[in-house]
Amino acid sequence: MIKSSDIPIRLLITVLILIVLEVLASAFLPLFGLNKYMIPFNVLLVLYIGFKLETPYLAIIILILQLTHSLFSIEGWEYGTISGILICIVIGYLRDLLHFTSSFITMLTVFLFQVLWFFISSSLLYLKFDSFDYIVQKFWRFIPESIILSLLAPIFFSLLDKVWRTKSEGLMGNNV
Numbered sequence: 650m651i652k653s654s655d656i657p658i659r660l661l662i663t664v665l666i667l668i669v670l671e672v673l674a675s676a677f678l679p680l681f682g683l684n685k686y687m688i689p690f691n692v693l694l695v696l697y698i699g700f701k702l703e704t705p706y707l708a709i710i711i712l713i714l715q716l717t718h719s720l721f722s723i724e725g726w727e728y729g730t731i732s733g734i735l736i737c738i739v740i741g742y743l744r745d746l747l748h749f750t751s752s753f754i755t756m757l758t759v760f761l762f763q764v765l766w767f768f769i770s771s772s773l774l775y776l777k778f779d780s781f782d783y784i785v786q787k788f789w790r791f792i793p794e795s796i797i798l799s800l801l802a803p804i805f806f807s808l809l810d811k812v813w814r815t816k817s818e819g820l821m822g823n824n825v
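FYI, in my numbering the residues of the sequence shown are 650 to 825.
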């Protein structure tokens, strides 16, 4: 378990990583004609936090990551915060059952939790808009974004292991 005094500096580094990733994604994806796509690195960071950290400040960390993400997105921070907290609750219940042995398992698990994230946030959006039009459009963008994010998960998880100084075994597997 991480000490409370270590959280602020590691969270600051994580927020800086998120800002760099968001700037790079918002700058380079439109260069390749991908104007409607935005890789949700915030989801990857929240999943990492949920998998690796056991801290009572988890909801606050998720809120800070979502507020940072909202600076680069038209989506509100509240949907991501609620989705992230609910996902971390699910991860908390499944933590003892999840034993990752390879990068493939890590990618598959990240993909499955992204699907759960999509359904939670889409349900919240449906409550707001009372229409499936935006959700259907979002779904077709979600598929390639989530595949790319799942493929990048082992790399970013190993980077974040260094930032948060967590064990690189367990959730990452040994074949990273």
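C-beta: ideal position from N, C-alpha, C; glycine also.
| message | Helix, strand or coil, according to DSSP, for Ile731 in the structure here? | response | Within the sequence shown, residue 731 is the residue found at index 82, counting from 1. Note: Ile731 maps to helix in three-state DSSP.
| field | For Ser795 and Leu808, the rounded distance between their alpha carbons | value | Residue 808 sits at position 159 when you count from the first residue of the sequence shown. Residue 795 sits at position 146 when you count from the first residue of the sequence shown. About 19 Å.
| task | Look at the alpha carbon of Leu774 and the alpha carbon of Gln763, and state the distance between them as a whole number of angstroms. | result | Counting from 1 along the sequence shown, the entry for residue 774 is found at position 125. Counting from 1 along the sequence shown, the entry for residue 763 is found at position 114. About 16 Å.
| Leu757 versus Ala802 - alpha carbon distance | The residue you call residue 757 lines up with position 108 of the sequence shown. The residue you call residue 802 lines up with position 153 of the sequence shown. Linking Leu757 to Ala802 through their CA atoms gives a straight-line distance of about 10 Å.
| field | alpha helix (DSSP H) runs contained entirely in the stretch 684 to 724, provided each spans 4 or more residues | value | 690 to 701 and 707 to 719
| field | Given Leu661 as reference, the closest of Leu798, Phe778, Thr717 and Ile804 once Cα atoms are compared | value | Position 12 of the sequence shown, counting from 1, holds the residue named residue 661. Closest option to Leu661, Cα to Cα, is Thr717.
| request: Please work out which residues of its chain come closer than 8 Å, Cβ to Cβ, to Leu800, disregarding the five sequence neighbours upstream and downstream, and give them in chain order. | output: Within the sequence shown, the letter at position 151 stands for residue 800. Only Met756 meet the Cβ criterion.
| task | Go to Asp810, then tell me how far its alpha helix (DSSP H) extends in each direction, as first and last residue. | result | Position 161 of the sequence shown holds residue 810. Note, Asp810: alpha helix (DSSP H), Asp782 to Trp813.
| So what does DSSP say about Arg744, is it helix, strand or coil? | As a first step, residue 744 is located in the sequence shown; it is residue number 95 there, counting from the start. DSSP places Arg744 in coil when its eight states are reduced to three.
| query | Out of Phe791, Ser653, Ile740 and Leu761, which has the shortest C-alpha to C-alpha gap to Tyr686? | reply | What you label residue 686 is simply residue 37 of the sequence shown in a count that begins at 1. Comparing Cα positions, the closest option is Phe791.
| query | Considering only the beta carbon of each residue, do Val759 and Leu670 sit closer than 8 Å? | reply | Numbered from 1 along the sequence shown, position 110 holds the residue referred to as residue 759. Numbered from 1 along the sequence shown, position 21 holds the residue referred to as residue 670. Going by C-beta atoms, Val759 is not nearer than 8 Å to Leu670.
| request: Using beta-carbon positions only, say whether Ile698 and Ile711 come within less than 8 Å of one another. | output: Reading the sequence shown from its first residue, position 49 is the one you call residue 698. Reading the sequence shown from its first residue, position 62 is the one you call residue 711. Cβ atoms of Ile698 and Ile711: closer than 8 Å.
| said: Please classify Phe781 as buried or exposed, where buried requires at least 16 other C-beta atoms within 10 Å of its C-beta. | reply: In the sequence shown, residue 781 corresponds to position 132, counting from 1. Phe781 is exposed by the Cβ-count criterion.
| said: Between the alpha carbons of Ser772 and Phe721, how many angstroms are there, rounded? | reply: The sequence position of residue 772 within the sequence shown is 123, counting from 1. The sequence position of residue 721 within the sequence shown is 72, counting from 1. One C-alpha to the other measures close to 22 Å.
| message | Given a cut-off of 8 Å on the beta-carbon distance, is the pair Leu702 and Ile651 in contact? | response | The count along the sequence shown starts at 1 and reaches residue 702 at position 53. The count along the sequence shown starts at 1 and reaches residue 651 at position 2. Cβ distance < 8 Å, so Leu702 and Ile651 count as in contact.
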